[in-house]
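Chains as they are written, first to last, in our numbering: chain A, 1067 to 1594; chain B, 48 to 348. By construction, the Cβ of each residue, glycine as well, lies at the ideal position given by its N, Cα and C atoms. Note that the structure is a prediction, hence the values are computed from the model and not measured.
(1) In whole angstroms, what is the alpha-carbon distance linking residue 1349 (chain A) and residue 1110 (chain A)?
(2) If we define contact as Cβ-Cβ less than 9 Å, is residue 73 (chain B) a contact residue for chain A?
(3) Grab the span of the beta strand (DSSP E) containing residue 250 (chain B) for me, first residue to last.
(4) Going straight from the alpha carbon of residue 1076 (chain A) to that of residue 222 (chain B), what length do you get?
(5) Can you find a CB in chain B that lies within less than 9 Å of the CB of residue 1469 (chain A)?
(6) Where do the N-terminal and C-terminal ends of the beta strand (DSSP E) with residue 1583 (chain A) fall, by residue?
(7) Between the C-alpha atoms of residue 1237 (chain A) and residue 1266 (chain A), what's the straight-line distance to the nearest angstrom?
(8) Along chain A, in chain order, which residues have C-beta atoms closer than 7 Å to that of residue 50 (chain B)?
(9) Measuring CB atoms only, is the region 1327–1335 of chain A touching the region 1097–1116 of chain A, in the sense that at least three cross pairs come out at less than 8 Å?
(10) Below 8 Å on C-beta distance, what does residue 1509 (chain A) contact in chain B?
(11) Within the region 1439–1471 of chain A, note down every full beta strand (DSSP E) run reaching 3 residues or more, in order along the chain.
(12) Inspect the CB distances between the region 1074–1090 of chain A and the region 1415–1434 of chain A and report whether three or more fall short of 8 Å.
(13) Indicate whether the contact test is met: 3 or more Cβ pairs, each with one atom in the region 1144–1155 of chain A and one in the region 1369–1385 of chain A, closer than 8 Å.
(14) When you compare only the Cα positions, how much space is there between residue 1122 (chain A) and residue 1293 (chain A)?
(15) DSSP puts residue 1388 (chain A) in a beta bridge; with which residues?
(16) Flag residue 104 (chain B) as yes when its Cβ comes closer than 8 Å to any non-hydrogen atom of the ligand FMN, and as no otherwise.
(17) Would you check if there are 3 or more beta carbon pairs closer than 8 Å linking the region 93–108 of chain B to the region 206–218 of chain B?
(18) Given a threshold of 16 other Cβ atoms within 10 Å of its Cβ, counted over all protein chains shown, does residue 1254 (chain A) qualify as buried or as exposed?
(19) Please report the distance separating the alpha-carbon of residue 262 (chain B) from that of residue 114 (chain B).
(20) Terminal residues of the continuous alpha helix (DSSP H) containing residue 1315 (chain A)?
(21) Could you give the distance in angstroms between the alpha-carbon of residue 1433 (chain A) and the alpha-carbon of residue 1443 (chain A)?
(22) Flag this pair as touching only if the region 1500–1516 of chain A and the region 1207–1221 of chain A have three or more C-beta atom pairs under 8 Å; answer yes or no.
(23) Any chance you could list the beta strand (DSSP E) runs of at least 3 consecutive residues sitting entirely within the region 1328–1406 of chain A, in chain order?
(24) What span of residues does the beta strand (DSSP E) with residue 268 (chain B) cover, start to end?
(25) For residue 291 (chain B), tell me which candidate among B:317, B:75 and B:66 has the shortest Cα-Cα distance.
(26) What separation, rounded to the nearest whole angstrom, lies between the Cα atoms of residue 213 (chain B) and residue 164 (chain B)?
(27) Could you check the C-alpha separation between residue 1243 (chain A) and residue 1515 (chain A) for me, to the nearest Å?
(28) With a threshold of 9 Å between beta-carbons, can residue 1072 (chain A) be considered close to chain B, or not?
(29) Along chain A, in chain order, which residues have C-beta atoms closer than 7 Å to that of residue 61 (chain B)?
(30) For residue 1592 (chain A), decide whether its Cβ has a neighbour in chain B, counting only Cβ atoms nearer than 9 Å.
(31) Verify the CB distance criterion: does residue 76 (chain B) have a CB-CB separation below 9 Å to chain E?
(32) Hey, which unbroken runs of the alpha helix (DSSP H) at 4 residues or more fall wholly within the region 267–322 of chain B?
(33) Examine chain A for any beta-carbon lying closer than 9 Å to the beta-carbon of residue 54 (chain B), and answer yes or no.
(34) Does residue 1134 (chain A) pass the burial test, meaning 16 or more other C-beta atoms within 10 Å, or should it be called exposed?
(35) According to the neighbour-count rule (16 or more other Cβ atoms, all chains shown, within 10 Å of its Cβ), is residue 94 (chain B) buried or exposed?
(36) Out of B:77, B:71 and B:142, which one is the CA nearest neighbour of residue 249 (chain B)?
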């Protein structure tokens, strides 16, 4: 049986703990009594992956078997999660490849001719040919790319289909091919509880018009948390569910395939990063020291490349197929077994080490806005019931927050950082004053469609993801953060962790309770 | 942080050279690390034996005999025995094995190996090497079972005497703890005589927690008793009780006289060695009473 998640109280026997800090990492001693949240050990992997996929397709939940849904004259579309999942990218073969191959095999067997594969990248950047090949495999890539294997284009007016409005007057506009297909098979990787379900098709194939109703400050402020899609907890999930209903009512038939992965995030020789520190072997300790030294000695570019090339040895922990909501229920159950940790009560100070990677800087650079999104958007929200930190508490993050941007992937981020954040960090003001202009800027739209840029509005969403945390927290301190970047983001920068704790005392008093959220591997704190 | 600081931090954090200790909260959920089995056979080769003899005679013996005042009694009981035998003793101090090995006649000592708890004496390389070399130590699992005694049986078949502490661990308060049955079972399986030894005063001279004898050359007495021979049809529980009784009688003899101890033994009224019932402090208090010195008290003191 897999060892469950665990909350450690630091005592004199506790070794220094591993902390990520962007493309660097370190061992950090924590004050006695600090709570440390560790995820459960990896679930037992499925050995016969193809067998499990075939079984899921043949025995779907609340649906006929996939084979029975296929017919020769049909219009079949396979939707695929984009490069933002999983994190880090998976070692070959990617699970999407294995699932798509099984689906294509069935389609070929049933004589389906009109088959297209579309990457559900929504307003994210397009995936390039190599990235697509890594995700779907060489055989699928060779058979379908580029004509029948494409990225979704949220700004291609001719290929969008308006399906109507939800009860809450939210516009639903999605990819025309998807809307007109006889069957949409969606291939998902459910890395965290936020993914999957009705967030797959309604968001992945949406236009800006259809993303705006849920990617806004008001919705984000009422999503507590993004990782808790139960009714009444997450406005964003409720909005997606309403849109899902509109799509279904419009006659779009979706066959959802959801996969979950184990918590094996880091490959060898970085396997020690997956382990609880006191269980590090001598080899792990030596590897840490060697890796630390090599990391420090490496020029920035080399270090960056080493991290970019890191591929996770994820294993498949489960696969389900069938009706979207029923499948997602089952997926969430398995995901919680892998990631949920019961935590008793909130804390004054929450400490996290931000890794080098978030969903939007795969093969790219983590710029300050993405640091904000990863820290206050995602990490802060890795909870159920209540945030790990109390209202008015302090979040201490470890990250260098370099003033760096990827000019191809994140052009609108540069302007957002220079123009918008230099004036205000208030999400509502930013939304009302700037969003429309960036979202409709022809140059950004052109770069999104023709180059590999995130949509012009994307940095706004990154900022909104952190809106709840910004409103909720008393202070945000970044250990080792670039002072200018932090100042621009509205954070405070500290040289050392001790300094950060001392600075936090201004907000939370002299003897605060501290909780270190040990992440990754992926963890969701179930705060009671 | 400089590289040397980093290495030092790792060394301190992971207790290099010491037994790994998980944080208290994690102790129950942490599997003991699968460890490399330290080889000990080299310590029982002729070279190892010579080195051990030199260390025991030249270093350990002088330390014990200058820092404490040991007296040895009953060694003549060994004259009627032929190896291999099992030496058993109460266990309350790290001095115990040293006292036995330094008081045994060389011809016995040269063929004697000590069973040492694997999780303590064979946790780090330097302690493993020290235990193997100085005590002829071999690792034994505290949990018992066939696997735990496999090495002991192998050594017995090769004619090695064994030193075994049936309590399994040092007594925290000087009083004898319940005997584990593994040693009795081993003696029965191998049909080997068991020589009881009472070590009186070691728990006061160097109790648990001390790494060097207390000042003032505290007195220690090592009493060898008559060998116990496993009886036909005897269960290991019965033999284990006899072993405890034999050591208790030696303690009784130390407190009174051989004659009185024999009479009490015959009457079945030998004082038990498990200490007084009552709170923990009382057991510790009674167990830490100074051991009387033999002979006349010094004139000038």
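Quick look at the numbers:
(1) 24 Å
(2) yes
(3) Run containing residue 250 (chain B): none in the beta strand (DSSP E); it sits in the alpha helix (DSSP H), 249–252.
(4) 35 Å
(5) no
(6) 1580–1583
(7) 16 Å
(8) 1359
(9) yes
(10) Under the 8 Å cutoff, chain B gives no residues; its nearest Cβ is about 45 Å from residue 1509 (chain A).
(11) 1455–1464
(12) yes
(13) yes
(14) 25 Å
(15) A:1127 and A:1322
(16) Among the ligands in the structure shown, none appear at all, so the ligand FMN cannot be discussed.
(17) no
(18) buried
(19) 7 Å
(20) 1301–1315
(21) 14 Å
(22) yes
(23) 1382–1388
(24) 266–271
(25) B:317
(26) 11 Å
(27) 17 Å
(28) yes
(29) 1081, 1346 and 1351
(30) no
(31) Checking the listed chains, one finds no chain E in this structure; the protein chains it contains are A and B.
(32) 283–302 and 305–314
(33) yes
(34) exposed
(35) exposed
(36) B:142
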